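Residue 381 in this note's numbering sits at position 390 of the sequence shown, with consecutive numbering throughout. Glycine included, each C-beta is placed from N, C-alpha and C at the ideal position. As the structure is a computational prediction, the values presented were derived from the model and not from experiment.
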Amino acid sequence: MRSVRVLAMVAIAGLLAAGVLIDLPDRPAADRPVRYLSTLAAPAGAVSTWFCPGGSGPDGEAELTIALASGSDQRRAAAVSVLPGGSDPSEARTVDVEIEPRGRVLVKPSEEVPGARWVGAVVEVDGTDVVVEQILAAKQGDVGRSACLTRTASSWLVPHGATRSAVEGERFIIMLLNPFPDIAVADIELVADVGRDTIDGLVVPAQRVVAVDITDEITVATSVAAFVEVVSGRVAASWIQLADGLIAGRGARASTAVAGAAPLWHLPVAGVGPARRDVVAIANPSAEAAEVDLEILAEAPGTDVSPIEITVRPGRTALVDLSQQGRLEGIGPFSVRVRSLDDAMVAASIHSVTFAADNGSEAAAAVAGSTATIGSDAAARRWLVAAEAADSEPAATDGGESSILVVVNPSSVGIAQVALSVDGAMVRRLEVGPRRRASVALDRLGSGRFVVEVESSAPVIAATELIGLTSRTASLGAAVSEPVPAIDIR
């Protein structure tokens, strides 16, 4: 590894020592209690609605594409309502698309409102077997992706972003989408390692999107947590993290925000390695301190790792750099279970950066890139996962060198019998032990772009890590059966 990378990793260790809290006064308690509200929602009725808070137009920071992938044997129809943002005077416009059986359709919303700097979308599909994702292409060439939301809410939380624009090229943008005919008004509280700030009375016009560039408010923060309270109306929220630096990596990370908080979260995709840095962020929006364990769910049978214990003070975010945890070396692929010991409501996300090879170094990832996902606070017996795999020989399933599907069993007592189907045919069976995870290389399931149907005898959590030629992304699948709160699974 080059000396400059060594210096960078030393800097990382200083900035993100495992379990060390950002040293700020406690955030004042909110007037209303934090309610449990699952971040997963099964589509209901004959028509399923997806909310994609969006990205930029083609000349902006992160161009938005909407991907619709069908797991059905029937042709599906979808109405994509494009909501503009910025100063563009255009009204919302709707485009009708058809999805062939087991097919995939890409829609560029900016083509419907070419003058809009920012765009979002509401997608209505005549069925519950279509996965809708938003893909954001950064100017640097990297992409971020996440499933769109299946509902709106009046409270949102982003556990962690960064705004070191001068030294790391970081920009942290929160997207708010208002699909309703009346305006929405939101207050945003920002808690950073350099101080606290607020944005009060932010108006989100009816059937529009608003991009809030947090970098304009807090310009030099290593970590920023955002607490969004919608005081009038309801919105859908997501966030975009842009970076181009030695420590922060290069490209775009994108994810939905968290609606509400919960005492237990699962982060399915995690790893350690000489060229990989994964950081878990745990935000505590409550008025009391939270004692939290990070439990490691290893894939290798018989592998047990002691939990990582941290305290998250009220209104604060704790960062745990997994690359600084010696106990994780050599255990192979794993997932992380974030558990509040006193049932305090928290929110969790994970951010990962990999560094490409240089000067023939062996300590490098196959593909450089950065990715982020929120945790899952619920599990389900049936999932749909949009997948991509190269048409090549199967790669070794090592959790880091190939695109993989990950299935996590949150139960402490039961074995999950899992069937994976592609194009209506079962292609693989998995047996996932209690509090374990299993993964399979996607090129062993299919080639090109396809949808994997995950059916399990017990509630599980499904996610993917996709590695392309120039970028890598990770995201949760879409639960298409009623989610079960993870805290209720024994």
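By the Cβ-count criterion, R66 is exposed, with fewer than 16 other Cβ atoms from all chains shown falling within 10 Å of its own Cβ.
Counting C-beta atoms within 10 angstroms of its own C-beta, G192 has fewer than 16 neighbours from the protein chains shown and is therefore classed as exposed.
Residue pairing for P75: DSSP places it in a beta bridge opposite V110. With a 10 Å radius around the Cβ and a threshold of 16 neighbouring Cβ atoms, P276 comes out buried. Residue pairing for Q125: DSSP places it in a beta bridge opposite I57 and S137. One Cα belongs to F171, the other to G224, and the distance between them is close to 8 Å. The residues L411, S412 and L436, in chain order, have a CB closer than 7 Å to that of V418 in the same chain once the five nearest residues on each side in sequence are set aside. Linking D284 to R328 through their CA atoms gives a straight-line distance of about 8 Å. Annotation: the segment 199 to 263 contains the following complete segments of the beta strand (DSSP E) (minimum length 3 residues), in chain order: 199 to 204, 215 to 223, 227 to 236, 240 to 247 and 255 to 261. Counting other Cβ atoms within 10 Å of its Cβ, E159 reaches 16 or more and is therefore classed as buried. Here DSSP, grouped into helix, strand and coil, assigns I174 to coil. Taking the Cβ atoms as the reference, A363 lies roughly 6 Å from S340, within the contact range of under 8 Å. In this structure, the straight-line span from the alpha carbon of R267 to that of A202 is close to 30 Å.
With 16 or more other Cβ atoms inside 10 Å of its own Cβ, A112 counts as buried.
By the 16-neighbour rule on beta-carbons within 10 angstroms, S78 is exposed. If the five residues before and after S47 are omitted, its C-beta is found closer than 6 Å to the C-beta atoms of A53, E54 and W109, all from its own chain and listed in chain order. Annotation: the continuous beta strand (DSSP E) that includes V398 extends over I395 to N400. Under the three-state reduction of DSSP, S462 is assigned to coil, being neither helix nor strand. Cα atoms of I190 and T213: separation of roughly 19 Å, rounded to the nearest angstrom. A261 and P324 have their C-alpha atoms spaced approximately 7 Å apart.
In this structure, DSSP gives V271 an extended state, which the three-state scheme calls strand. Listed as beta-bridge partners of V431 by DSSP are L396. Between L313 and V271, the alpha-carbon positions lie close to 7 Å from each other.
Taking R330 as reference, the option from P254, P305 and A278 with the minimal CA-CA separation is P254. With a threshold of 16 other beta carbon atoms within 10 Å, G360 meets it and is buried. By the criterion of at least three beta-carbon pairs nearer than 8 Å, the segment 119 to 130 is in contact with the segment 240 to 249. By the beta-carbon neighbour count (other beta carbons within 10 angstroms, threshold 16), S297 is exposed. Linking R95 to V71 through their CA atoms gives a straight-line distance of about 14 Å.
Boundaries for V337: no alpha helix (DSSP H) harbours it, and the DSSP string shows neither H nor E there. In this structure A407 is not in contact with E473, their Cβ atoms being roughly 17 Å apart against a cut-off of 8 Å.
For S156, there is no enclosing beta strand (DSSP E); the residue is part of the alpha helix (DSSP H) that begins and ends at S156 to E159. For D191, the secondary structure class from DSSP, reduced to helix, strand or coil, is strand. P49 is the residue among C139, P49 and L97 whose C-alpha sits nearest the C-alpha of A107. Short of 8 Å from the beta carbon of D207, and not among the five residues preceding or following it, lies no beta carbon of its own chain. For a cut-off of 8 Å, the C-beta gap from L168 to V200 is around 5 Å, short enough to register as a contact. The Cβ-Cβ distance between V98 and T464 does not fall below 9 Å.
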